[in-house]
Each structure stands twice: as structure tokens, then as C-alpha cells.
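Enquirer: Have a look at this one before I ask anything.
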Amino acid sequence: MAKSIQAIRGMNDLLPEQSPAWQQVESVIRQVAASYGYSEIRMPVLESTALFKRSIGEVTDIVEKEMYTFDDRNGDSLTLRPEGTASCVRAGNQHGLLYNQIQRLWYMGPMFRYERPQKGRYRQFHQFGIEVFGLTEADADAEVILLSARLWKAFGIGDQVELQLNSLGSNEARNRYREALHDYLVQYREQLDEDSQRRLSSNPLRILDSKDPATQQLLADAPRLSDYWDEESRQHFEQLCQRLSEAGVSYTLNERLVRGLDYYNRTVFEWVTTALGAQGTVCAGGRYDGLVEQLGGKATPAVGFAMGIERLVLLLQEQHKLSPRRVVDAYLMPLGQAAELKAPAIAEKLRDALPELRLVVHCGGGAMKKQMKKADKSGAELALIIGDNELAEQQITVKPLRSDAEQQTLSHAELIETLRPLTQA
Ligand code: ATP
Ligand code: MG
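With the working numbering as the guide, the letters of the sequence shown map in order to residues 177 to 601.
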């Protein structure tokens, strides 16, 4: 036998038994995004490498070690997108969507990062993201966070996730803080973990979310970011906090929250859960007022987030919050050659009458017992049986497969009314 080829490590197939859960999650996401008046945008999965280097930042985990980058046949350096914001801004600039306009956009799709695969961390994963362009004030930040909070509510996991919130201040404030943090930490260079030592001069803010206990301890007495906020950013943050409180969304201030991408300023936030071990961040975002300009557009304020769909699905499964729609409602069993001939046409009539009905027609003939087994295995609620008698009388026998209810023989019109409630379940 030929040696079989396996999928790339960390890139998962989504099998038929899992896809109903994903469809349910995606459909709630679409519905919530629509309920805030957001429009979908779809970007390519491949972009110029320069796009991510310029936006995410050279000294970040993503650009330093996680990107799938290769030269195409032309010798151009391309990268499988590791996130959606950079592509979205690129598309917005390219098509003139951002200049002097307000845009409320969402996207969903695969992202790629070369990481060590583990629960909640994969090399191909999926994000749902939203991006709002053209709005400076904190009401936009509040809207973005409220949209994410509504998703938790829609899924019934509001009590499983905690909102952590911080502000990075203006770029100038952040730069002054960066310097102060550097000057403080440089005294303890030898005690820092290896990654942090390397980042000390290039990106000291990232040291704040180092997981190393010794580094964490040093940070306890480090300068505080909030002492460096500019007055406007302080007010902006206060307005955001007030709006969240008014709307009943509670949050925890986390001064160490800086996010792993360079383009953020002012608001940054994460939704975290304790239910998924180390991969606890389900959604993360913030404001990025400088990025549009940095990528060649006119200066345009922006705020958004990205949500990891695998982590969301894992969380929902752990909390037993998914109840995907049945894949098959009814299984049509033609018994005998005459019925086999008519079955496809009868099934088409049923689909005409009930477009939402999920109806499988048995293929390949066989005796009642064999067909009944297949009907049962399909997960269908009802078996629809057509034998010679039914055919002659233009009737169908309906046998419930998931209850002890009696079977009934019905006219086609009666059958449609019997099936209708199944399509609404
Ligand atoms: P982490 O700290 O877990 O590596 P991150 O800060 O790199 O996360 P972001 O770039 O902010 O993550 O991406 C937003 C969200 O996308 C994350 O909160 C997470 O839910 C999800 N995500 C990121 N990387 C992965 C991955 N490799 N596999 C699955 N989901 C991921
Ligand atoms: Mg990461």
C-alpha cells in the first residue's frame, strides 16, 4: 500500500461531526455583527511580507518567529496572514474605504502562525475580527467591547470570561514610559529571562507580559504605565470605563496588559478565561490610530479586536453551551423497485414545500431492515417509508426514530404539515 500523506502539524481538518458546532458559532457571530450594522470584508490569505513587518512590528513574536514566509516563483516575499488587521487596513487603503469615512467591518477566516501546537494553539487557526475606522472618541471603543460582550451573552458564557482593560496612552506617552521602563530594568539585566534581555533595548514594553517568575518579581517595583499617560488619553480611558459601567460590563484594570503587536495606542483589552489553561485569551483588541497612516493612507483613527474561534468553540464545548441543528431531519426509504423509481421525485416535492427540511433519500436499495439501520445511523428524527401500498394510495408512512410514538400513514399534504415543525427546531 502507498504511504499515506498526513496534514501539516498544527493544521486541523474540521470533520463532519465537528462542523455543526462551528456552523452554529459562525451563525451567531454573523448575527451579532449584523445587529451592530457591521459589514463583512474578505481579504486574501496571502499578502506581501512587508505588510506584516511594517504593521505588526519587527520585534514581536509574530514577525520574529511565527510567520509562514516564502518566496513565490517570481522571487517576491509572501506571507500567509498571521492576523487580519493589517490586511484589512491594506484593503481599506487600496479601495478608498477609509479616507473621510466611517467604516464598521468584520471578517472571519484562517490565520497562520508557526507556533508549538497544543490545546487552543494551532498553526492554522481561525479568527473573527472587527475593525472600526474613522472614530476617535471612546464611544467607538465602548461599542467594540460591547459587541464582544454581547457574543458571550448570546452563547451563555458571560460568567466564564473576564474583561481586562488598560490604556497605553498616546504614542509620546508610551515612548516616555518605554524609556523609563528600560532605565529601570537595565539595572537588573542579568536577572531577566533571555527573551526579556533581548527585548530590553528593542521592545521593553513586551517584558511586561513575560511569564518568567523572576522577571515578574522585578516588575513589581517598575515604573507604572498610568503615571505616564497624557491627559487626553486619561480622559479617553475614563470615558470608556464610564460607558462600560453604564452598560453593565464589568472589567479589571490590568496595567501589565500591553498586547503583542506594535500598532496599538490608548485602549487595549483582552477577554480571558480560566477554563482553557494557558491559552486563556479568547479575544483581544484595542485602538490603533497610527496604523492606517503607517501603511500609506491618510491618518485615520481605528479600533478593533480579534477572537480566536477554536478557543471559543473549546470553551463552549466545555461549558456544554452548543446545541447544533440536526444534520438530518428525515430519511426517506423506498421499498421495492417501483418506489425506488418514484422516491427522488417525491423527495424533490418535499424540498419544494419545505426548503429548510434536511432530507436524505436512501440510495442503493435493499430490504427494510437494512434501510432502517441506515436511517437510524443518519441521526434522523423520522423515517419516511414508501412501499407498494403507499405508492398506490399516494401516501407515506412516517415512523418516529427517537421516540415510542406510533407510526402513521399520511397523505403527502399531511406529511408536509407533520414535517414542518422539524424544520423550525
Ligand atoms: P497568545 O498570547 O495566546 O499567543 P496572541 O496575543 O498572540 O495570543 P492575538 O494576536 O491577539 O493573540 O490574536 C487574537 C486571538 O486569536 C487570541 O486571543 C486567540 O484567541 C487567538 N489566537 C492567537 N494565536 C492563536 C493560535 N496559534 N491558535 C489558536 N488561536 C490563536
Ligand atoms: Mg501569540
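C-beta: ideal position from N, C-alpha, C; glycine also.
I'd like to know whether the C-beta atoms of residue 386 and residue 393 end up nearer to each other than 8 Å.
Expert: Counting from 1 along the sequence shown, the entry for residue 386 is found at position 210. Counting from 1 along the sequence shown, the entry for residue 393 is found at position 217. Contact: no.
Enquirer: Assuming the contact rule is C-beta atoms closer than 8 Å, residue 265 and residue 437 should be a hit. Round their C-beta distance to whole Å, please.
Expert: Reading the sequence shown from its first residue, position 89 is the one you call residue 265. Reading the sequence shown from its first residue, position 261 is the one you call residue 437. Their Cβ separation, rounded to whole angstroms, is 12 Å, which puts residue 265 and residue 437 out of contact at 8 Å.
Enquirer: Going by other Cβ atoms of all chains shown within 10 Å of its Cβ, with 16 needed for buried, is residue 348 buried or exposed?
Expert: Looking up residue 348 in the sequence shown gives position 172. That one is exposed.
Enquirer: Contact check, residue 430 vs residue 340 under 8 Å by CB: the rounded distance?
Expert: Locating residue 430 in the sequence shown gives position 254, counting from the first residue. Locating residue 340 in the sequence shown gives position 164, counting from the first residue. Indeed they touch by this definition, with Cβ atoms about 4 Å apart.
Enquirer: Can you find a heavy atom of the ligand ATP that lies under 7 Å from the Cβ of residue 417?
Expert: Translated into the one-based positions of the sequence shown, residue 417 becomes position 241. Outside the cutoff, so no.
Enquirer: Would residue 434 count as contacting chain B if we go by Cβ distances under 8 Å?
Expert: The structure shown contains no chain B, having only a single protein chain.
Enquirer: Under three-state DSSP, which class holds residue 343?
Expert: Here residue 343 is taken as the residue at index 167 of the sequence shown, counted from 1. Residue 343 falls in the strand class under three-state DSSP.
Enquirer: Run the proximity test for residue 630: is its beta-carbon closer than 7 Å to any non-hydrogen atom belonging to the ligand ATP?
Expert: No answer is possible for residue 630: it lies beyond the span of the chain, which begins at 177 and ends at 601.
Enquirer: Apart from the five residues just before and just after residue 216, which ones in its own chain have a Cβ nearer than 7 Å to its Cβ?
Expert: Translated into the one-based positions of the sequence shown, residue 216 becomes position 40. 282 and 283.
Enquirer: With residue 537 and residue 559 assumed to form a contact (beta carbons below 8 Å), what rounded beta-carbon distance in angstroms separates them?
Expert: What you label residue 537 is simply residue 361 of the sequence shown in a count that begins at 1. What you label residue 559 is simply residue 383 of the sequence shown in a count that begins at 1. The pair is not a contact, with the Cβ atoms about 12 Å apart (cut-off 8 Å).
Enquirer: Any heavy atom of the ligand ATP closer than 7 Å to the Cβ of residue 483?
Expert: Here residue 483 corresponds to residue number 307 of the sequence shown, with the count starting at 1. Result yes, Cβ under 7 Å from the ligand ATP.
Enquirer: Within 10 Å of its beta-carbon, does residue 362 have 16 or more other beta-carbons around it, so buried, or fewer, so exposed?
Expert: For the purposes of this step, residue 362 is identified with residue 186 of the sequence shown, where counting begins at 1. Counting Cβ neighbours within 10 Å, residue 362 comes out exposed, since fewer than 16 surround it.
Enquirer: Do residue 555 and residue 503 have their beta-carbon atoms positioned less than 8 Å apart in this structure?
Expert: Position 327 of the sequence shown holds residue 503. Position 379 of the sequence shown holds residue 555. Yes, the Cβ-Cβ distance between residue 503 and residue 555 is below 8 Å.
Enquirer: Quick one: give me the first and last residue of the beta strand (DSSP E) that residue 269 is part of.
Expert: Working through the sequence shown from its first residue, we reach residue 269 at position 93. From DSSP, residue 269 is part of no beta strand (DSSP E) but of the alpha helix (DSSP H) over 261-270.
Enquirer: Quick check on the DSSP output: what are the complete beta strand (DSSP E) runs of length 3 or more inside the stretch 273-315, in order along the chain?
Expert: You should have 279-288 and 300-309.
Enquirer: Would you list the residues sitting across from residue 509 in a DSSP beta bridge?
Expert: For this step, residue 509 is matched to residue 333 along the sequence shown. Paired residues: 561.
Enquirer: Please name the residue, chosen from 535, 562 and 525, that lies closest to residue 543 on a Cα-to-Cα basis.
Expert: For this step, residue 543 is matched to residue 367 along the sequence shown. Nearest of 535, 562 and 525 to residue 543, Cα basis: 562.
Enquirer: I'd like the ranges of any beta strand (DSSP E) spanning at least 3 consecutive residues and lying wholly in the stretch 185-266.
Expert: Those beta strand (DSSP E) runs which fall completely within the stretch 185-266 and span 3+ residues are 222-224, 244-247 and 253-256.
Enquirer: Determine contact between the stretch 502-517 and the stretch 331-340, defined as no fewer than three beta-carbon pairs at a distance below 8 Å.
Expert: Judged by Cβ distances under 8 Å, the stretch 502-517 makes no contact with the stretch 331-340, as fewer than three pairs qualify.
Enquirer: How is the alpha helix (DSSP H) around residue 389 delimited, first residue to last?
Expert: As a position in the sequence shown, residue 389 is number 213, starting the count at 1. Looking at the DSSP string, the run of the alpha helix (DSSP H) that includes residue 389 is 389-395.
Enquirer: For the beta strand (DSSP E) containing residue 539, name the first residue and the last one.
Expert: Stepping through the sequence shown from its first residue, residue 539 is reached at position 363. Looking at the DSSP string, residue 539 is not in any beta strand (DSSP E), and its letter there is neither H nor E.
Enquirer: Got a sec: does the ligand ATP put a non-hydrogen atom nearer than 7 Å to the Cβ of residue 221?
Expert: Within the sequence shown, the letter at position 45 stands for residue 221. No, since every heavy atom of the ligand ATP falls outside the 7 Å radius drawn around the Cβ of residue 221.
Enquirer: Check each candidate in 219, 221 and 239 and name the one with the smallest Cα separation from residue 228.
Expert: For this step, residue 228 is matched to residue 52 along the sequence shown. Closest option to residue 228, Cα to Cα, is 239.
Enquirer: Whose CA, out of 573, 318, 244 and 251, lies closest to the CA of residue 258?
Expert: Residue numbering aside, residue 258 sits at position 82 when the sequence shown is read from its first letter. When only C-alpha atoms are compared, the closest one is 244.
Enquirer: Taking buried to mean at least 16 other C-beta atoms within 10 Å of its own C-beta, is residue 477 buried or exposed?
Expert: Within the sequence shown, numbered from 1, the residue matching residue 477 stands at position 301. By the neighbour-count rule (16 or more Cβ atoms within 10 Å), residue 477 is buried.
Enquirer: Three or more beta-carbon pairs under 8 Å between the stretch 288-304 and the stretch 184-198, yes or no?
Expert: The stretch 288-304, when compared against the stretch 184-198, does touch it at the 8 Å Cβ threshold.
Enquirer: Can you tell which of 364, 488 and 355 has its C-alpha closest to the C-alpha of residue 205?
Expert: In the sequence shown, counting from the first residue as 1, residue 205 sits at position 29. Nearest of 364, 488 and 355 to residue 205, Cα basis: 488.
Enquirer: Would you mind listing the beta strand (DSSP E) stretches within the stretch 370-426 that are 3+ residues and don't spill past its ends, in chain order?
Expert: Complete beta strand (DSSP E) runs here, min 3: none at all.
Enquirer: On the three-state DSSP scale, how would you describe residue 597?
Expert: Start at 1 with the first residue of the sequence shown, and residue 597 comes out as number 421. Helix.
Enquirer: Helix, strand or coil for residue 435, going by three-state DSSP, please let me know.
Expert: Indexing the sequence shown from 1 puts residue 435 at position 259. In the structure shown, residue 435 sits in coil (DSSP, three-state: anything other than H, G, I, E or B).
Enquirer: Could you spell out the range, first to last residue, of the alpha helix (DSSP H) harbouring residue 483?
Expert: By 1-based counting over the sequence shown, the position of residue 483 is 307. Where residue 483 is concerned, there is no enclosing alpha helix (DSSP H), although the beta strand (DSSP E) it sits in stretches over 478-484.
Enquirer: For the alpha helix (DSSP H) that contains residue 547, what are its first and last residues?
Expert: As a working mapping, residue 547 is identified with position 371 in the sequence shown. First-last of the alpha helix (DSSP H) with residue 547: 544-553.
Enquirer: DSSP on residue 460, reduced to helix/strand/coil?
Expert: Sequence index remark: in the sequence shown, residue 460 carries index 284 (1-based). If DSSP states are grouped into helix, strand and coil, residue 460 belongs with the strands.
Enquirer: If we count the other Cβ atoms within 10 Å of its Cβ and call it buried at 16 or more, is residue 378 buried or exposed?
Expert: On the sequence shown, residue 378 is found 202 positions in, with the first residue counted as 1. Counting Cβ neighbours within 10 Å, residue 378 comes out exposed, since fewer than 16 surround it.
Enquirer: May I ask you to report which of helix, strand or coil DSSP gives residue 574?
Expert: The residue you call residue 574 lines up with position 398 of the sequence shown. If DSSP states are grouped into helix, strand and coil, residue 574 belongs with the strands.
Enquirer: Would you mind working out which of 307, 297, 412 and 246 sits nearest residue 485, comparing C-alpha positions?
Expert: Residue mapping note: residue 485 aligns to position 309 of the sequence shown, counting from 1. Nearest of 307, 297, 412 and 246 to residue 485, Cα basis: 297.
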